[in-house]
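For reference, the structure is listed below as structure tokens.
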Amino acid sequence: MPIARREVSDVRVIAHVDMDCFYVQVEQRRQPDLRGLPTAVVQYNAWKGGGLIAVGYEARRFGVKRSMRGDEAKKVCPEIHLVQVPVARGKANLNVYRDAGSEVVGILSQRGRCERASIDEVYLDLTDAAETMLAENPPEMLEEINPEALKSHVLGIDKNEKEEGEIARQWICNSDADHRDKLLVCGAIIVGELRMQVLQETEFTCSAGIAHNKMLAKLASGMNKPAQQTVVPFSAVNELLASLPIKKMKQLGGKLGSSLQSDLGVNTVGDLLQFSEEKLQGHYGINTGKWLWNVARGIDGDEVEGRLLPKSHGCGKTFPGPRALKTMTSVERWLNDLCEELSERIQSDMDKNNRVAHTLTLHARVYKTNDSDSLKKFPSKSCPLRYGTMKIQEDALKLFNSGLREFLGSYRAESKGTMNNKWGVTALSVIASKILATSGACSILKYFQGVDPSCSSEGHTNDGIIQATLATSHSGTESCLGGDNTDLPKESSCEETNSNHSKLNLNQDGKRTNKRNNEVSGPILRYFSTQSPSCSSSQHVSHAIIQDTGPSSTPATDGCSGYNQSESQNGTQQGETRLCNSSPSLVQHGQEKQQWNFNVEDIDPSVIGELPPEIQDEVRGWLKPLKHAKTAKRSSNIAQYFLPSRDR
Ligand code: DCP
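If you're matching positions, the sequence shown starts at 195 in the numbering used here and goes up one per residue.
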């Protein structure tokens with residue numbers, strides 16, 4: 195249910211920027227020959243030509259729609275180019291689109307607080323930038339006005355048979371306008387500039403809505419597409435909402451909107467105006483009633499959250515109809531693939547953004563055959579997230595088994611590969627959430643993310659051992675998974691198995707622990723041996739060895755937790771402790787043998803320059819070359835860009 199937020203009293207300038215036919219634009223940038231041609235992006239599943247998930251504007255002119263399959267699209271537009279979504283691990287791989295979205299966010303965030311709302315949508319709070327412009331360069335004094343701002347669609351302005359451009363010019367240059375409208379004018383100019391910059395630097399066009407709040411800005415951004423912007427002055431709000439179908443309003447497309455239609459006879463947002471706040475609250479509760487009352491008046495106190503990065507990472511896959519998974523082997527196989535992708539993504543997030551995900555959640559859609567209780571849903575399950583592909587895979591499988599047990603009640607599993615006739619899985623997804631920034635670094639270990647015990651924002655230090663920005667206690671996992679597993683397939687054994695990353699392994703007794711025997715020689719050893727950072731004084735680091743990690747010879751004792759159960763809540767270390775493998779980790783075995791493990795890939799290249807010169811080259815040699823973002827320059831008018839010519 196929507197919740198009414200505190201009203202924001204100050205006048206704000208909010209923009210909602212939405213990329214045009216986003217996946218198509220990304221594909222057209224990858225294959226410039228497709229520019230100007232009718233193009234659509236289809237799901238990798240080739241049944242009937244695949245389902246269309248993005249349709250270019252040239253193809254829309256032929257009547258091609260997103261609801262169509264490729265074969266149908268070809269019927270209405272024989273010359274359409276269908277591009278398949280990239281595939282990895284047997285499912286769509288959206289990384290190329292996510293990365294393209296990030297490029298855009300990087301540009302848009304330069305002018306104000308920026309909230310990444312989806313893969314191709316952003317909210318901007320441009321209030322400060324607009325106030326500054328109004329104070330320093332008021333629009334009516336500008337000699338030249340941004341051409342994109344001049345093409346703005348301004349709602350509620352009497353057109354009087356004038357050209358749209360002329361209307362916008364008059365609106366922009368109106369020195370008698372009130373403060374609110376003048377701020378919106380500045381917002382429109384800033385957004386015009388930003389859209390041009392996005393086009394020049396990324397080759398993508400976008401559309402935007404500019405208003406005093408998020409709700410109105412979002413409504414406006416879709417009104418004139420592609421490559422245009424729409425402004426909602428305060429005076430235009432009532433007229434805009436009066437005829438707006440209730441289901442078109444964000445959060446009213448579902449049950450609440452249907453209830454308003456059937457119970458109160460509300461068909462447009464304007465129809466809501468006839469109901470008092472009390473009446474709406476009587477029907478829908480205090481908060482939702484208040485929210486509806488506000489919506490009817492175009493009031494929305496929702497703030498733009500300063501968030502450039504996604505709140506969570508998720509990987510999912512559906513298995514409709516005959517493709518439903520009916521063996522534990524197939525469930526495990528798909529979970530492994532999904533978890534592998536999730537692991538890569540959270541690892542990359544940690545590497546790039548110093549953020550750590552803390553919660554792993556498994557959702558599944560499962561049906562029971564011969565089920566009278568068909569409404570019962572498979573319960574979603576969560577547990578603390580442990581880094582490392584195998585750990586995530588292992589935990590996700592436990593979560594699935596736990597959910598399945600609960601879902602099926604008294605259930606005895608068939609042996610792993612056996613086709614069961616009791617259940618089928620039609621969707622699986624794994625989500626990493628509660629993503630928090632790690633703290634800064636403050637010792638030699640700062641060169642290797644998150645390793646310094648005394649620097650960890652969340653870790654409990656104990657004898658210099660980091661607890662967990664990365665690892666989580668097993669007790670949490672157990673409580674989430676619940677029960678014993680005797681009636682389910684045995685979980686895979688819990689080895690402290692690492693990924694294939696190379697590790698720098700500092701070993702107290704100096705013995706080589708690597709498989710490939712890639713001993714690091716040279717000054718790096720001396721460097722590390724003389725640095726006993728803010729770790730415990732009990733750690734005497736004397737040698738460094740590059741280790742190509744494989745399964746450890748000393749598996750964790752239970753459940754593969756970050757810590758074994760002998761570790762107390764206050765962090766007292768009594769036995770063997772392991773941290774997750776894909777992060778810099780410390781392995782302490784008893785009190786005799788201590789090892790510091792670092793993933794070479796966790797080394798932040800930007801800190802190499804801070805290392806002593808004699809070891810810089812050596813460390814550089816371990817790292818992969820950095821990728822450089824593509825910044826193609828193109829200067830053009832946004833509207834021209836959409837003309838059908840292919841020669842630009
Ligand atoms: N998308 C998807 N599956 C859907 C809807 C969208 O995979 N059912 C993807 C493809 C789209 C992208 O998300 O390119 C953004 O979705 P939008 O709804 O914003 O639509 P487009 O950007 O494609 O077109 P428009 O210009 O109408 O916004």
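For every residue, glycine included, the Cβ atom is placed at its ideal position computed from N, Cα and C. Nothing here was measured: the structure is a model prediction, and the numbers come from that model.
query	result
Taking only runs of the alpha helix (DSSP H) that begin and end inside the region 258-333, which ones reach a length of at least 4 residues, in chain order?	264-270, 289-302 and 321-330
Check S650 in the structure and name its three-state DSSP category.	Because the pLDDT at S650 is just 30, under 50, the model does not fix this residue reliably, and the value given afterwards should be weighed accordingly. Coil.
How many Å lie between G603 and T563 at the Cα?	14 Å
Nearest-angstrom Cα distance between V624 and V236?	23 Å
Leaving aside the five residues before and after A324 along the sequence, list all residues of the same chain whose C-beta is less than 7 Å from its C-beta, in chain order.	V207, L377, C380, G381 and I384
Among P514, A294 and P427, which has the Cα closest to the Cα of D372?	P427
Report the CB separation of D212 from D314 in whole angstroms; it is logged as a contact under 8 Å.	7 Å
Quick check: is any heavy atom of ligand 3 less than 7 Å from the C-beta of F398?	No copy of ligand 3 appears in this structure; the ligands present are ligand 1.
Please work out which residues of its chain come closer than 6 Å, Cβ to Cβ, to R307, disregarding the five sequence neighbours upstream and downstream, and give them in chain order.	D319, V498 and G500
The beta strand (DSSP E) spanning Y561 covers which residue range?	R549 to K562
Where does R580 land, buried or exposed, given buried means 16+ other C-beta within 10 angstroms?	buried
Near ligand 1, which residues have their beta-carbon closer than 6 Å to a heavy atom?	D212, M213, D214, C215, F216, Y217, I247, A248, I313, D314, K419 and P420
Buried or exposed for P272, going by 16 or more other Cβ atoms inside 10 Å?	exposed
Please list the segments of the alpha helix (DSSP H) lying wholly inside the region 399-447, counting only runs of 4 or more residues, in order along the chain.	408-415 and 431-436
How many Å lie between L630 and D589 at the Cα?	20 Å
State whether the region 242-256 contacts the region 274-285, with contact taken as three or more CB pairs (one from each stretch) at a distance under 8 Å.	yes
Considering G603, what are the terminal residues of the beta strand (DSSP E) in which it resides?	Segment: none, G603 is in no beta strand (DSSP E) and carries neither H nor E.
To the nearest angstrom, how far is the alpha carbon of E357 from that of V550?	53 Å
Assign P226 to buried or exposed, taking buried as 16 or more other Cβ atoms, counted over all protein chains shown, within 10 Å of its Cβ.	exposed
Is P516 buried or exposed, if buried means 16 or more other CB atoms sit within 10 Å of its CB?	exposed
Please state if the CB of L302 and the CB of V316 are separated by a distance shorter than 8 Å.	yes
In angstroms with no decimal places, state the Cα-to-Cα distance between Q455 and L438.	13 Å
If I measure Cβ to Cβ from L536 and keep anything under 7 Å in the same chain, skipping five residues before and after, which residues do I get?	H507, C509, I586, V624 and A626
Where do the N-terminal and C-terminal ends of the beta strand (DSSP E) with S241 fall, by residue?	According to the sequence displayed, residue 241 carries Trp and not Ser. Looking at the DSSP string, W241 is not in any beta strand (DSSP E), and its letter there is neither H nor E.
Return helix, strand or coil for P226, following the three-state DSSP convention.	helix
Compute the Euclidean distance between the alpha carbons of L598 and E526, then round it to the nearest angstrom.	13 Å
Can we say the region 217-234 touches the region 249-266, given the rule of at least three CB pairs closer than 8 Å?	yes
Please classify A414: is it buried, with 16 or more other beta-carbons within 10 angstroms of its beta-carbon, or exposed?	buried
Where T632 and G476 are concerned, what is the direct C-alpha to C-alpha distance, given to the nearest angstrom?	45 Å
Roughly how many angstroms lie between the CA atoms of A430 and T424, to the nearest whole one?	12 Å
Could you tell me if D214 is buried or exposed, where buried requires 16 or more neighbouring beta carbons within 10 angstroms of its beta carbon?	buried
Rounded to whole angstroms, what's the CA-CA distance from F513 to E360? Just pull it up for me.	54 Å
Using 8 Å as the threshold, is the region 215-223 in touch with the region 286-298, meaning 3 or more CB pairs across them?	yes
Leaving out five residues on either side along the sequence, give the residues of the same chain with a beta carbon under 7 Å from the beta carbon of N615.	T563
Taking K628 as the reference, give the member of S576, S452 and G386 with the closest Cα.	S576
When the distance is taken between beta carbons, is L556 closer than 8 Å to L593?	yes
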